[in-house]
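Okay, structure first, notes after.
There are 2 protein chains.
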Amino acid sequence: MPKILRATAEANPNIAIIKYWGKRDEKLILPMQGSNSVTLDEQLKTRTTVMFSDKFRQDEIWINNKQLTTPEELEKVMPQLNIIREMAKIRLKAKVVSYSVTPVAGGLAGSAAGLAAVAYAATNALGMNLSISELSVLCRLGSGSACRSVYGGFAEWKRGEKADGSDSFAVQIADEKHWPDFRIVVGVAESGEKKVKSRAGMKHTVANSILYSKRLEYLPKVLKESKDAILKKDASRLFEIAMRDSNDMHATMHDTWPPIMYLNDASKEVIYAIHELNQNGIKAGYSFDAGPNPTIFTLDKHVAEVKKILENAGIKKMFVSNVGSGPKILKDEIEHLIDENGNIRKHSFDEKKNMLVIEY
Amino acid sequence: MPKILRATAEANPNIAIIKYWGKRDEKLILPMQGSNSVTLDEQLKTRTTVMFSDKFRQDEIWINNKQLTTPEELEKVMPQLNIIREMAKIRLKAKVVSYSVTPVAGGLAGSAAGLAAVAYAATNALGMNLSISELSVLCRLGSGSACRSVYGGFAEWKRGEKADGSDSFAVQIADEKHWPDFRIVVGVAESGEKKVKSRAGMKHTVANSILYSKRLEYLPKVLKESKDAILKKDASRLFEIAMRDSNDMHATMHDTWPPIMYLNDASKEVIYAIHELNQNGIKAGYSFDAGPNPTIFTLDKHVAEVKKILENAGIKKMFVSNVGSGPKILKDEIEHLIDENGNIRKHSFDEKKNMLVIEY
Numbered sequence: 001m002p003k004i005l006r007a008t009a010e011a012n013p014n015i016a017i018i019k020y021w022g023k024r025d026e027k028l029i030l031p032m033q034g035s036n037s038v039t040l041d042e043q044l045k046t047r048t049t050v051m052f053s054d055k056f057r058q059d060e061i062w063i064n065n066k067q068l069t070t071p072e073e074l075e076k077v078m079p080q081l082n083i084i085r086e087m088a089k090i091r092l093k094a095k096v097v098s099y100s101v102t103p104v105a106g107g108l109a110g111s112a113a114g115l116a117a118v119a120y121a122a123t124n125a126l127g128m129n130l131s132i133s134e135l136s137v138l139c140r141l142g143s144g145s146a147c148r149s150v151y152g153g154f155a156e157w158k159r160g161e162k163a164d165g166s167d168s169f170a171v172q173i174a175d176e177k178h179w180p181d182f183r184i185v186v187g188v189a190e191s192g193e194k195k196v197k198s199r200a201g202m203k204h205t206v207a208n209s210i211l212y213s214k215r216l217e218y219l220p221k222v223l224k225e226s227k228d229a230i231l232k233k234d235a236s237r238l239f240e241i242a243m244r245d246s247n248d249m250h251a252t253m254h255d256t257w258p259p260i261m262y263l264n265d266a267s268k269e270v271i272y273a274i275h276e277l278n279q280n281g282i283k284a285g286y287s288f289d290a291g292p293n294p295t296i297f298t299l300d301k302h303v304a305e306v307k308k309i310l311e312n313a314g315i316k317k318m319f320v321s322n323v324g325s326g327p328k329i330l331k332d333e334i335e336h337l338i339d340e341n342g343n344i345r346k347h348s349f350d351e352k353k354n355m356l357v358i359e360y
Numbered sequence: 361m362p363k364i365l366r367a368t369a370e371a372n373p374n375i376a377i378i379k380y381w382g383k384r385d386e387k388l389i390l391p392m393q394g395s396n397s398v399t400l401d402e403q404l405k406t407r408t409t410v411m412f413s414d415k416f417r418q419d420e421i422w423i424n425n426k427q428l429t430t431p432e433e434l435e436k437v438m439p440q441l442n443i444i445r446e447m448a449k450i451r452l453k454a455k456v457v458s459y460s461v462t463p464v465a466g467g468l469a470g471s472a473a474g475l476a477a478v479a480y481a482a483t484n485a486l487g488m489n490l491s492i493s494e495l496s497v498l499c500r501l502g503s504g505s506a507c508r509s510v511y512g513g514f515a516e517w518k519r520g521e522k523a524d525g526s527d528s529f530a531v532q533i534a535d536e537k538h539w540p541d542f543r544i545v546v547g548v549a550e551s552g553e554k555k556v557k558s559r560a561g562m563k564h565t566v567a568n569s570i571l572y573s574k575r576l577e578y579l580p581k582v583l584k585e586s587k588d589a590i591l592k593k594d595a596s597r598l599f600e601i602a603m604r605d606s607n608d609m610h611a612t613m614h615d616t617w618p619p620i621m622y623l624n625d626a627s628k629e630v631i632y633a634i635h636e637l638n639q640n641g642i643k644a645g646y647s648f649d650a651g652p653n654p655t656i657f658t659l660d661k662h663v664a665e666v667k668k669i670l671e672n673a674g675i676k677k678m679f680v681s682n683v684g685s686g687p688k689i690l691k692d693e694i695e696h697l698i699d700e701n702g703n704i705r706k707h708s709f710d711e712k713k714n715m716l717v718i719e720y
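Residue numbers (this note's numbering), protein chains in the order written: chain A, 1 to 360; chain B, 361 to 720.
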């Protein structure tokens, strides 16, 4: 009996503190500048099973029980998969089954966790023995910021200098145990598809925002400052840097032609309320990715106040996350989303039990 | 019988095309860069009567039938009035009665018309013979952009170089007859007071927006380009420049610490809809001052489409304006808002008759 080339991985999304917005190489997904992030805990994880088999006639990719069919959808996963096959020197077709409780395209960094999980599962299925930097590069080729999800704790994605991108990967700033009372409150204001996808949006910003070059100038300095604040656990310093950087990024988006405007009235309300909360000392910092959903960095003791602010802004659904860990490989047969014969196991998220249920 | 020192002036608001945002001198109201604008027609005019008399025990200022009482309110008019008294070498107290159909502080440039009318009425009441450049300087000292309201048609406010501000005034680009089918559709989304006043807002932007310096770099070029587009009546070029500049200014506002966010969801809806309207050639250009109210520059033939866009965004009240004229002095006794004895005449705007009614 041939060896079953199958593995399952879980990865957690990361939320950027210093944001990634703009590529210097579209194909290799090389950023214009460095960025950093904190990895969320398991509440927003993605699980992915990848299987390679000569029984498969074609690649098949399923995300949240929906098969990807359009070229645009497939484009999100196929390049990474093809690179892995090339590296492993195989031609086998693959089945990829991925499940995430995170809204996929609402600026919640769901795809970062998804692509990181694919990279881990696929390379593990093929028995490839990659360093974490090589895995980070693979994740980067999948979805840019996914490269930061290879670490738990806090990670920095190095801009790198080489044209082939081999030095553009994430390094860990501090692990998940470094800052026990750090919290990330993730508000889910909208889970719909975005009007402007991040990829197209950042391309336009690089091409025609007048202000963007100024952002690039100042980023190296704040990247260093924010790393320092993380290492020193200087919460108010870090929260302020995060807010300023979020504002700065959304400013360059608005300066893009045509303008990109991800924030809505609820986002603005959260921003004003957090500034009010911070009037006598910074207790929390808002951060917005490419969408209206607010993410609030704070400390355990301020979580109740932050939750109230989001509720008052009409945001009903939210997650309070600790600093989370890096990807892991699940070995137990019961954990795979594809059985040993290549059939997809029925799976769904049970909100009451708060767990992924797999029909076995 | 002593001479009655009283005069009445009317002035129209102007809407900036290249925006003014940021002072290099707070006291003299000297801008960081040049700006330009189009003057609206009479629909949004302000009428002001100023009277000086030794019978008055103190200065008294009335705007829209409400007396200004707080230091913050008085600060808007008093400096200009004091400068005029100094120039005329008189110490008489003044009564100022101003009436405008424009919301005063909703980013609708109402104060520009108001301060221009005060400057014209006050200097006329005192029989001062000022050049239009000197009047423009006086208006500037009142409210910055008011200096552009001394001209009908299109005007440019020169940055100037001198420390005393004597070379920072408006010049006319083209008069009100230059572009007969040019239209300005002014939407009134909100007429409430602003969260962040323009004066404080622009001060913060100059002080701490990272991106603002880049804006200053690019402005001289677009100022020249937009003047050229006005002179050539190149509508689509001018509309694009206006939209880009509005976006650029609001971007630097968002990049300010704390961030300044004047646009709301309705503003965004208008922006997206105008870009859609422009897909096969630019028919209109949006522009936002320090508030959520959209102003749309367009041509007569596209007004119906533009009005529909504003209506769809929930904006019910709007004005369609031609290019308007500069301030004028009203000589007829019946036009004064203050009678010859210094008593205020009851006055109000009759929306049905669409005219200012004065009880005589």
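For every residue, glycine included, the Cβ atom is placed at its ideal position computed from N, Cα and C.
- Against chain A, a Cβ distance below 8 Å from residue 571 of chain B picks out 211, 214, 215, 248, 251, 252 and 255.
- Close partners of residue 624 of chain B in chain A (Cβ separation under 8 Å): 265 and 268.
- Counted as a single uninterrupted DSSP element, the alpha helix (DSSP H) harbouring residue 614 of chain B occupies residues 595-614.
- Restricted to the region 34-82 of chain A, the beta strand (DSSP E) segments that are unbroken, complete and at least 3 residues in length are 35-39, 46-53 and 60-63, listed in chain order.
- Interface residue (Cβ-Cβ distance to chain B less than 8 Å): residue 71 of chain A is not classified as such.
- Shown here for residue 327 of chain A: same chain residues with a beta carbon closer than 6 Å to its own, the five before and five after excluded, namely 9, 11, 116 and 120 in chain order.
- Put simply, the CB of residue 578 of chain B is near chain A, with a gap under 8 Å to one of its CB atoms.
- Contact annotation for residue 259 of chain A against chain B: 607 and 631 [CB-CB distance below 7 Å, chain order].
- Here the alpha carbon of residue 406 of chain B sits roughly 37 Å from the alpha carbon of residue 252 of chain A.
- In the DSSP assignment, residue 373 of chain B falls outside any alpha helix (DSSP H) and carries neither an H nor an E.
- Look at residue 237 of chain A: its C-beta is not under 8 Å from any C-beta on chain B.
- With a 10 Å radius around the Cβ and a threshold of 16 neighbouring Cβ atoms, residue 176 of chain A comes out buried.
- If you draw a straight line from the Cα of residue 293 of chain A to the Cα of residue 258 of chain A, it is about 22 Å long.
- If you compare the alpha carbons of B:665, B:411, B:498 and B:384 with that of residue 705 of chain B, the shortest gap goes to B:411.
- Taken atom to atom, the span from the alpha-carbon of residue 718 of chain B to that of residue 499 of chain B is near 26 Å.
- Of all C-beta pairs linking the region 508-525 of chain B to the region 375-395 of chain B, three or more are shorter than 8 Å, placing the two stretches in contact.
- In terms of Cα proximity to residue 559 of chain B, the closest of B:547, B:571, B:503 and B:579 is B:503.
- At a cut-off of 8 Å between beta carbons, residue 275 of chain A contacts chain B.
- For residue 519 of chain B, no beta strand (DSSP E) run applies, since DSSP gives it neither H nor E.
- The residue among B:381, B:682 and B:662 with its C-alpha nearest the C-alpha of residue 539 of chain B is B:682.
- If the five residues before and after residue 585 of chain B are omitted, its C-beta is found closer than 7 Å to the C-beta atoms of 601, all from its own chain and listed in chain order.
- Chain B has a Cβ within less than 8 Å of the Cβ of residue 244 of chain A.
- The DSSP assignment places complete alpha helix (DSSP H) segments of no fewer than 4 residues inside the region 256-281 of chain A at 265-277, in order along the chain.
- The three-state reading of DSSP puts residue 591 of chain B in helix, counting H, G and I together.
- A distance of 8 Å or more separates the beta carbons of residue 250 of chain A and residue 49 of chain A.
- Burial is judged here by how many other beta carbons sit within 10 angstroms of a residue's own beta carbon; residue 162 of chain A has fewer than 16 and is exposed.
- Setting aside the 5 residues that flank it on each side, residue 443 of chain B is surrounded in the same chain by 498 and 501, each with a C-beta closer than 8 Å to its C-beta; the list follows chain order.
- When the alpha-carbon of residue 527 of chain B is set against those of B:495, B:548, B:533 and B:534, the nearest one is in B:495.
- Annotated three-state conformation of residue 25 of chain A is strand, per DSSP.
- With a cut-off of 8 Å on Cβ pairs, the region 573-585 of chain B is in contact with the region 385-399 of chain B, counting three or more such pairs.
- Here the alpha carbon of residue 356 of chain A sits roughly 19 Å from the alpha carbon of residue 317 of chain A.
- C-alpha of residue 3 of chain A to C-alpha of residue 91 of chain A: approximately 16 Å in a straight line.
- In the DSSP assignment, the residues bridged to residue 715 of chain B are B:710.
- Excluding five sequence positions before and after residue 525 of chain B, the CB atoms of its chain that fall closer than 6 Å to its own CB belong to 388 and 390, given in chain order.
- By the neighbour-count criterion, in which a residue is buried when 16 or more other Cβ atoms sit within 10 angstroms of its Cβ, residue 657 of chain B is buried.
- Just so you know, the alpha carbons of residue 147 of chain A and residue 636 of chain B end up roughly 36 Å apart.
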